[in-house]
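Below is one structure, written out as C-alpha cells, with a few remarks after it.
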Amino acid sequence: MSAFMSNLLSGVSLGSVYAIIALGYTMVYGIAKMLNFAHGDVIMIGAYICFTMMFNLNMPAFLGVLIAMAVCTLLGVTIERLAYKPLRQATSLSVLITAIGMSYFLQNLAQLIWGANPKSFKSVIPNGSISLMNGSLKISYTTIVTIVASVLIMVALTMFVNHTKMGKAMRCVSEDRGAAQLMGVNVDLTITITFAIGSALAAIAAVLMCSAYPTLKPTTGSMPGIKAFTAAVFGGIGSIPGAMLGGILLGVIEIFGKAYISSELGDALVFTVLILVLLVKPTGLLGKKVHEKV
Amino acid sequence: MNKTALISTLKKFSKQYLPCIIVTVFFIICQIMISANAMPRTTKSMLIPVCVYIVMAVSLNLTVGISGELSLGHAGFMSIGAFTGVVMATYSREVFGFSQPLQLIFALVIGGIMAGIMGFLIGIPVLRLRGDYLAIVTLAFGEIIRNILNCIYISLEGKDLHFGFNNNTLPGTQIMRGPTGVTGVKTISTFTAGFLLVLFTLIVVINLVHSRSGRAIMAIRDNRIAAESVGLNVTGYKLLAFVSSAVLAGMGGALFGLNYAVTSPSNFSFNASILILVYVVLGGIGNITGSVIAAAILYILPEELRSFNDYRMLAYAVVLIAVMLITNNAKIKNFINNLLKKNDEKGGETV
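Given below as C-alpha cells:
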C-alpha cells in the first residue's frame with residue numbers, strides 16, 4: 409500500500425512537471441497553430457541558466473530561478489520573432505522543420521557553451537521529507553513543492569486566460585485569427601505574449617524537473633518536451649485544463665509502467681498511450697471536435 | 645520513328661533518370677580511383693555509408709516530398725532492417741552455408757520485408773492522422789521501436805533461432821544482445837552492393853513517381869479532399885508510399901548493419917532520423933536528384949572537416965532554419981521566379 413502511494417505521489421509529481429511544460433505547448437499550439445518543437449530545449453536552457461547562476465555565480469536559489477525565467481522569456485520571444493513569425497503563412501511542414509532546426513540549434517549551442525558532459529544539478533528545494541502512516545510513507549519536500557507550484561500555476565493561468573483582457577484576446581486569436589484581427593486584436597503581440605508565458609513556465613518546469621532528476625545534459629529537455637507534447641495531445645491540444653489532466657495522467661502512467669511492467673519500457677508505454685489516444689479520440693480527453701471545411 | 649521523336653524521347657528519359665546517370669558516373673569514377681590506388685583510405689571507408697544515406701534520403705523523400713507526410717521515425721525502419729539483416733546474414737551463413745554475396749542479398753531482402761511489414765502495421769493507424777499529429781506519432785513509433793529493440797535478445801543454437809525479451813541467458817551463440825546490439829558482425833557489405841542498392845532505390849522511386857499511382861499520391865498531397873472526391877483511395881495510396889519508403893529504408897539499414905562490426909539500437913535515435921530529414925530538406929523536398937547530392941556531400945563534408953566537428957550540428961541547424969525562412973519568403977520567391985522567367989525568355993530568343 410505504501411509502495412503504491414509513493415509511486416502514485418512520484419507519478420503525480422512527475423506529471424505536474426509534464427503539465428507545466430504541456431501548458432506551454434498547448435497555449436502556443438492553440439494560438440499560433442504550430443508545434444513548437446524547441447519548447448523542450450528552452451527548458452534545458454532554463455535549467456542550465458539556473459545552474460550557472462547558482463553554482464558558478466553563487467546566487468541564492470530564488471534569484472537563480474527568476475533569472476532563468478527572464479532569460480527563457482527573452483529566448484522564447486526572440487525565437488518567435490526571428491524564426492516563426494516570418495512563417496505565419498507557410499505550410500505546417502515548413503514551420504515544423506524550422507522548429508526542429510531551432511531545437512537542434514539550442515541543443516548544440518548548449519553543448520558548445522556548457523560542454524557535453526552531464527552536470528549534476530543540486531536541488532533548489534531543501535532536502536528532507538515528511539513521514540506519514542507511521543513512517544512507512546515518506547514524501548520529499550521536492551514532491552510537495554512541485555505539486556503545489558504546479559497547482560498555483562494552473563490556477564493563475566486559468567484566471568489570466570478567463571478574466572483578463574489579454575486572456576480574452578488569446579482565446580479570440582485561437583478561435584479565429586482573421587476575425588480577431590478585424591476586431592482590433594493585436595495578433596502579433598498576443599502570439600508573442602503567449603510565447604513569453606510558455607517560456608517562463610518552461611523555466612519553472614526546468615528547475616522543478618532538475619530538482620527531482622538532477623542530471624543536466626544538452627539533451628535533457630528533448631524527451632520531457634516530447635512527453636509533455638504527448639500530454640497536451642492526451643488532454644486535448646489547445647485546452648488548458650486538458651494539458652493539466654493529460655500531464656498528471658501521463659506522469660502516473662509512466663511511473664506505474666516503470667514500477668509494475670518494465671523499467672525499460674516506460675517511454676514506450678507513454679508513446680503507446682499517445683498513439684491509442686490519437687486513434688480512439690483524436691481530439692484528446694477534453695478537446696473540442698473541429699469540423700473540416702472544404 | 646523519326647529522328648526528332650527519338651531525340652525527345654531520349655531527352656525525356658535522361659531527364660527522368662538523371663539521378664541514376666549521376667550515380668553511375670560517380671560509381672565508375674570511384675572504381676577507377678580505387679583500382680588506381682588514388683583514393684585515400686578514409687574516403688574509401690565512407691563509400692558504403694554514403695550509399696546507405698543516399699538510400700535513406702531518397703526513401704524518406706518519397707514520404708516527405710512525394711507523399712507530403714512528415715515522418716520523424718525513419719531511423720526506426722533503418723534499425724529494423726539493420727538488425728534483421730545482421731541476424732539473417734549470420735543465420736544463412738551458419739545454417740544454409742550461403743556465400744557472402746548471397747548472404748548479403750538474403751539479408752537485404754528479409755531486412756526490407758521486415759521493415760515493410762512494420763511500415764504497413766504502423767502506417768494503418770498513422771496515416772489516418774494529419775500534419776503535426778502524424779509527425780509526432782512517427783516520432784513516437786521510432787522511439788517505441790528503439791525501446792523494444794533495447795530489450796530483444798536473439799541467439800543461434802544449431803539450426804534454431806532463440807528469441808528472448810529482456811532475457812540474456814539464451815542458449816547457443818548470442819547474436820543480438822539488447823542495448824549492446826550486435827557485435828562481431830562479419831562486414832560483408834561492399835561498395836558495388838551499395839551502388840546497386842542506390843540504383844535499385846532510385847529506379848523504384850522514379851518509376852513510382854512517374855506512374856499512375858505516383859500521380860495519385862501527389863494529387864493527394866496537393867489536395868486531399870479534391871483527390872478523394874475524384875475517387876482516389878487516399879489511405880491506400882498513402883500506405884503504398886509509406887510502405888515502399890519503409891522497405892527501402894530497411895534495405896539501406898541492412899547494408900548499414902553489415903558494414904560495421906558493432907551496431908547498437910542507440911545508433912538509430914531520433915537524431916539519426918533528423919539527420920536524414922536534413923539531407924532531404926537541404927536537397928530540396930520532393931527533389932530526388934537533390935536528395936542524392938545532399939546526402940553524399942553532407943555525409944562526406946563533415947567527415948573531412950573533423951576539426952570543425954563541434955560546429956557541424958550547429959551549422960546544420962542554422963542552415964535548416966535559413967533554408968525554411970528563405971524558401972518561404974515571398975520577396976525572394978518572386979525574385980527567383982523573375983530570374984527564371986528572364987532566363988526562359990532569353991532561351992526562347994536564341995532558339
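As given, the protein sequences belong to chains A and B, one line each in that order.
In short: position in the first sequence from 1, add 408, done, that's the working numbering.
In short: position in the second sequence from 1, add 644, done, that's the working numbering.
All C-beta atoms in this analysis are idealised placements derived from N, C-alpha and C, irrespective of residue type, glycine included.
Just so we're clear, the structure is a prediction, and the values are computed from it rather than from any experiment.
Under three-state DSSP, which class holds residue i?
{"i": "HIS854 of chain B", "result": "coil"}
{"i": "LEU876 of chain B", "result": "coil"}
{"i": "ILE929 of chain B", "result": "coil"}
{"i": "GLY825 of chain B", "result": "strand"}
{"i": "ASP584 of chain A", "result": "coil"}
{"i": "PHE912 of chain B", "result": "helix"}
{"i": "LEU997 of chain B", "result": "Since the displayed chain B opens at 645 and closes at 995, residue 997 of chain B lies outside it and no answer follows."}
{"i": "THR537 of chain A", "result": "The sequence shown places Ser at residue 537 of chain A, rather than the Thr named in the question. Reduced to three states, the DSSP call for SER537 of chain A is strand."}
{"i": "SER647 of chain A", "result": "coil"}
{"i": "THR623 of chain A", "result": "strand"}
{"i": "MET820 of chain B", "result": "strand"}
{"i": "TYR904 of chain B", "result": "coil"}
{"i": "TYR797 of chain B", "result": "strand"}
{"i": "SER833 of chain B", "result": "coil"}
{"i": "SER544 of chain A", "result": "coil"}
{"i": "SER743 of chain B", "result": "coil"}
{"i": "SER703 of chain B", "result": "helix"}
{"i": "SER528 of chain A", "result": "strand"}
{"i": "HIS896 of chain B", "result": "The sequence given here has Gly at residue 896 of chain B, not His. Helix, per DSSP."}
{"i": "LEU658 of chain A", "result": "helix"}
{"i": "GLU713 of chain B", "result": "coil"}
{"i": "GLU672 of chain A", "result": "coil"}
{"i": "ASN646 of chain B", "result": "coil"}
{"i": "ALA411 of chain A", "result": "helix"}
{"i": "ASN982 of chain B", "result": "helix"}
{"i": "MET683 of chain B", "result": "coil"}
{"i": "LEU921 of chain B", "result": "helix"}
Quick one: which chain C residues come within Cβ less than 8 Å of residue i?
{"i": "PRO909 of chain B", "result": "Given the protein chain composition of this structure (A and B), no chain C is represented."}
How close, in whole Å, do the beta carbons of residue i and residue j come, if the pair is a contact with beta carbons under 8 Å?
{"i": "GLY927 of chain B", "j": "ILE920 of chain B", "result": "Rounded, the Cβ-Cβ distance is 11 Å, inconsistent with contact."}
{"i": "GLY786 of chain B", "j": "ALA885 of chain B", "result": "Contact flag wrong, Cβ pair sits at about 18 Å."}
{"i": "VAL641 of chain A", "j": "GLY586 of chain A", "result": "That pair is no contact at about 26 Å."}
{"i": "GLY896 of chain B", "j": "VAL699 of chain B", "result": "4 Å"}
{"i": "SER590 of chain B", "j": "GLY825 of chain B", "result": "Not covered by the structure: residue 590 of chain B. The range shown for chain B is 645 to 995."}
{"i": "ALA784 of chain B", "j": "LEU682 of chain A", "result": "5 Å"}
{"i": "SER528 of chain A", "j": "THR434 of chain A", "result": "Not quite, the Cβ-Cβ distance comes to about 31 Å (not below 8 Å), so this is no contact."}
{"i": "LEU673 of chain A", "j": "ASN791 of chain B", "result": "6 Å"}
{"i": "ALA639 of chain A", "j": "LEU616 of chain A", "result": "Their Cβ separation, rounded to whole angstroms, is 15 Å, which puts ALA639 of chain A and LEU616 of chain A out of contact at 8 Å."}
{"i": "SER421 of chain A", "j": "THR551 of chain A", "result": "4 Å"}
{"i": "ILE439 of chain A", "j": "VAL581 of chain A", "result": "5 Å"}
{"i": "ILE724 of chain B", "j": "MET758 of chain B", "result": "5 Å"}
Leaving out the 5 sequence neighbours to the left and right, which residues in its chain are closer than 7 Å to residue i when beta-carbon positions are compared?
{"i": "VAL878 of chain B", "result": "ILE864, ARG868, ALA871, GLU872"}
{"i": "LEU565 of chain A", "result": "LEU431, ILE648"}
{"i": "CYS480 of chain A", "result": "VAL450, ILE453, GLY454, SER607, ALA608, ALA610, ALA611"}
{"i": "THR994 of chain B", "result": "Because THR994 of chain B sits at a pLDDT of 42, beneath the cut-off of 50, its placement in the model cannot be relied upon, and the point is left open."}
{"i": "LEU694 of chain A", "result": "GLY643, GLY644, SER647, PRO649, GLY650, LEU653"}
{"i": "GLY828 of chain B", "result": "ALA905"}
Considering only residues of the same chain and omitting the five flanking positions on each side of residue i, which have a CB-CB separation below 8 Å?
{"i": "VAL781 of chain B", "result": "PRO769, VAL770, LEU773"}
{"i": "THR971 of chain B", "result": "LYS977"}
{"i": "GLY991 of chain B", "result": "Only weak support is given to the placement of GLY991 of chain B: the predicted model assigns it a pLDDT of 48, under 50, and the question is left unresolved by the model."}
Which residues in the same chain have their Cβ closer than 6 Å to the Cβ of residue i, if we skip the five residues on either side of it in sequence?
{"i": "MET442 of chain A", "result": "VAL503"}
{"i": "GLY629 of chain A", "result": "GLY448, ASP449, ILE451, MET452"}
{"i": "SER910 of chain B", "result": "none"}
{"i": "MET683 of chain B", "result": "MET677"}
{"i": "SER703 of chain B", "result": "SER889, LEU892, ALA893"}
{"i": "MET413 of chain A", "result": "LEU545"}
{"i": "VAL924 of chain B", "result": "ALA701, LEU704, ASN705, VAL708, SER935"}
In the region 450-506 of chain A, which residue ranges form an unbroken alpha helix (DSSP H) of at least 4 residues, counting only runs that do not cross its ends?
469-487
Could you name the residues of the region 448-471 of chain A whose beta carbon sits closer than 8 Å to any beta carbon of chain B, in the order they occur along the chain?
none
Pick out the complete alpha helix (DSSP H) segments inside the region 562-619 of chain A, 4 residues or longer, and give them in chain order.
573-583, 585-590
Interface positions of the region 501-534 of chain A facing chain B (Cβ-Cβ less than 7 Å), listed along the chain
LEU501, SER502, LEU504, ILE505, THR506, ILE508, GLY509, MET510, TYR512, PHE513, ASN516, LEU517, LEU520
Ranges of the alpha helix (DSSP H) found wholly within the region 749-786 of chain B, counting only runs of at least 4
none
Check distances from the C-beta atoms of the region 670-688 of chain A to those of chain B and list, in chain order, the residues that come in under 8 Å.
SER670, GLU672, LEU673, ASP675, ALA676, PHE679, THR680, LEU682, ILE683, LEU686, LEU687
Got a sec: which bits of the region 605-639 of chain A sit with their beta carbon under 9 Å from any beta carbon on chain B, in order along the chain?
THR627, SER630, MET631, ILE634, PHE637, THR638
Output needed in chain order: residues of the region 417-445 of chain A with a Cβ under 7 Å from some Cβ in chain B.
LEU443
Closer than 9 Å, Cβ to any Cβ of chain B: which residues of the region 474-494 of chain A, in chain order?
LEU490, ALA491, PRO494
Counting only Cβ-Cβ distances shorter than 7 Å, please list the residues of the region 763-778 of chain B near chain A, keeping chain order.
PRO769, LEU773, GLY775, ASP776, TYR777
Which residues, in order along the region 646-657 of chain A, keep a beta-carbon less than 7 Å from a beta-carbon of chain B?
none
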